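Below is one structure, written out as structure tokens, with a few remarks after it.
2 protein chains.
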Amino acid sequence: METPDPAQPAGGVAFLLVQLGFHLARVFGERLEPLGLEQRHAGMLVRLAQNDGRSQQAVAELLGVNPTRMVFLTDELEKLGLVERRRNPADRRSHALYLTEAGTAMLARVREVTRAHEAAITADLSAAERDQLAALLRRLARDQGLAGRALPGAPPRYGPRPVAADTAGDTPAD
Amino acid sequence: METPDPAQPAGGVAFLLVQLGFHLARVFGERLEPLGLEQRHAGMLVRLAQNDGRSQQAVAELLGVNPTRMVFLTDELEKLGLVERRRNPADRRSHALYLTEAGTAMLARVREVTRAHEAAITADLSAAERDQLAALLRRLARDQGLAGRALPGAPPRYGPRPVAADTAGDTPAD
DNA sequence: TATTGTTATACTCTATAACTATA
DNA sequence: TATAGTTATAGAGTATAACAATA
């Protein structure tokens, strides 16, 4: 098995991961289109399903988004009829967030798309290879401090967004 | 080896790849900071090294960026003294691009950073595991039509950028 | 006075379109 | 008329800061 000169960016593991990561994010977004959702919406539905009834601010922290963005995001999902704001009677400053019935139904569709996405991507791998790959990726993620699960407290990486990469951080286009 | 329910986004290969891809792109950007470069600059230096003397437009196509952005990018690199525009005497409309001496020196430093980045990421893997991972990733990339090498003609994916993902397209923040 | 959520504003990145100079 | 490169302009997206209501 060759180890193509890692200084030749295109061959390294880092390059491949960035290339695949950006590509797959885009593809997932496309798979979501028929649902009329953006990726950010899907992410919030999933997170909300596990945290129904938390305050807007609490959910924002889980997602790692700042308050301004959270307002915007929640507005969008409320307009779509998928999420509902309810004033907390005990503290009328805060808004608790709930999935609506439509939101729950949509979540099921999101999960279906997710399943199909995962299957499509790994279609060419045997079950053993898939497990092997997943295990290796989990190790890398752990090494990088990307918490075993997903976004435990969400690394509050504010500041400017990553922007597409290049080189070994390279992206199809930038 | 478990196969954590792929509908539980955090466990799937797709999720891990997106998570790692975005993370590693950001980390690579940070590793580039001491050089005073952004990732886009590094990418252009690398591409230019293999295509010295091509017209601005030709390089733009290789990189998959539109002409406007190419002007901006080239301006930046020229201000940094790393790249030089030279009018083509045969067709005075076009600008050929060349790495300067400083550009070549900087490229060497970029390659060093790339090497260190790759090493740091895979530090915890044995050589066999590293090769195994690289091989699996290459297969996925090929399956996804992400050309064996890097950006052969560069998929001209114009349009809005991917934007950070969520779910199995999930990203640390957003 | 502190906190939740909101609005106002500014800044970055990028794309589309108009323009210039050559051909 | 067509093409290479440039400049002008406008639109996303997201951050910072000021604000209103409630505690």
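Residue numbers (this note's numbering), protein chains in the order written: chain A, 1 to 174; chain B, 1001 to 1174. The beta carbon of each residue, even a glycine, is placed where N, CA and C say it ideally should be. Since this is a predicted model, take the numbers as computed values, not measurements.
Interface partners of residue i on chain A, CB under 9 angstroms
{"i": "residue 1095 of chain B", "result": "Result: empty, since nearest Cβ-Cβ is about 20 angstroms, beyond 9 angstroms."}
Under 7 angstroms from the C-beta of residue i: neighbouring residues of chain B
{"i": "residue 13 of chain A", "result": "1118, 1121, 1122, 1130, 1133, 1134 and 1137"}
{"i": "residue 141 of chain A", "result": "1016, 1019 and 1020"}
Whole-angstrom distance between residue j and residue i, CA atom to CA atom
{"i": "residue 108 of chain A", "j": "residue 36 of chain A", "result": "14 angstroms"}
{"i": "residue 1110 of chain B", "j": "residue 1042 of chain B", "result": "7 angstroms"}
{"i": "residue 1046 of chain B", "j": "residue 1024 of chain B", "result": "18 angstroms"}
{"i": "residue 82 of chain A", "j": "residue 104 of chain A", "result": "8 angstroms"}
{"i": "residue 1011 of chain B", "j": "residue 113 of chain A", "result": "15 angstroms"}
{"i": "residue 38 of chain A", "j": "residue 74 of chain A", "result": "13 angstroms"}
{"i": "residue 1094 of chain B", "j": "residue 1087 of chain B", "result": "6 angstroms"}
{"i": "residue 1065 of chain B", "j": "residue 1085 of chain B", "result": "18 angstroms"}
{"i": "residue 68 of chain A", "j": "residue 26 of chain A", "result": "25 angstroms"}
{"i": "residue 1115 of chain B", "j": "residue 1125 of chain B", "result": "16 angstroms"}
{"i": "residue 1056 of chain B", "j": "residue 1127 of chain B", "result": "40 angstroms"}
{"i": "residue 90 of chain A", "j": "residue 40 of chain A", "result": "30 angstroms"}
{"i": "residue 123 of chain A", "j": "residue 1123 of chain B", "result": "29 angstroms"}
{"i": "residue 1166 of chain B", "j": "residue 48 of chain A", "result": "Because residue 1166 of chain B sits at a pLDDT of 36, beneath the cut-off of 50, its placement in the model cannot be relied upon, and the following sentence gives the value as read from the coordinates. So the alpha carbons of these two residues sit roughly 13 angstroms apart."}
{"i": "residue 52 of chain A", "j": "residue 1052 of chain B", "result": "57 angstroms"}
{"i": "residue 1119 of chain B", "j": "residue 119 of chain A", "result": "31 angstroms"}
Under 8 angstroms between C-beta atoms of residue i and residue j
{"i": "residue 54 of chain A", "j": "residue 96 of chain A", "result": "yes"}
{"i": "residue 117 of chain A", "j": "residue 28 of chain A", "result": "yes"}
{"i": "residue 1141 of chain B", "j": "residue 19 of chain A", "result": "yes"}
{"i": "residue 1130 of chain B", "j": "residue 13 of chain A", "result": "yes"}
{"i": "residue 1080 of chain B", "j": "residue 136 of chain A", "result": "no"}
{"i": "residue 1070 of chain B", "j": "residue 1060 of chain B", "result": "yes"}
{"i": "residue 138 of chain A", "j": "residue 1016 of chain B", "result": "yes"}
Option in the options with minimal Cα separation from residue i
{"i": "residue 44 of chain A", "options": "A:19, A:22, A:72 and A:20", "result": "A:72"}
{"i": "residue 1077 of chain B", "options": "B:1050, B:1099 and B:1059", "result": "B:1099"}
{"i": "residue 50 of chain A", "options": "A:127, A:62 and A:39", "result": "A:62"}
{"i": "residue 1186 of chain B", "options": "A:115, A:146, A:132 and A:128", "result": "There is simply no residue 1186 of chain B to check, as chain B begins at 1001 and stops at 1174 in what is shown."}
{"i": "residue 1034 of chain B", "options": "B:1124, B:1126, B:1106 and B:1128", "result": "B:1106"}
Chain-ordered neighbours of residue i on chain B, where CB pairs are closer than 8 angstroms
{"i": "residue 48 of chain A", "result": "The premise fails here: residue 48 of chain A is roughly 12 angstroms from chain B at the closest Cβ pair, so nothing lies under 8 angstroms."}
{"i": "residue 144 of chain A", "result": "1020, 1023, 1024, 1027 and 1121"}
Self-check item: Ordered list of alpha helix (DSSP H) runs contained in the stretch 1038-1084 of chain B, each at least 4 residues
Solution: Within the stretch 1038-1084 of chain B, the complete alpha helix (DSSP H) segments of 4 residues or longer fall at 1039-1049, 1056-1063 and 1067-1079, listed in chain order.
Quick one: which unbroken beta strand (DSSP E) runs of 3-plus residues sit fully inside the stretch 122-149 of chain A? Chain order, please. Correct list: empty.
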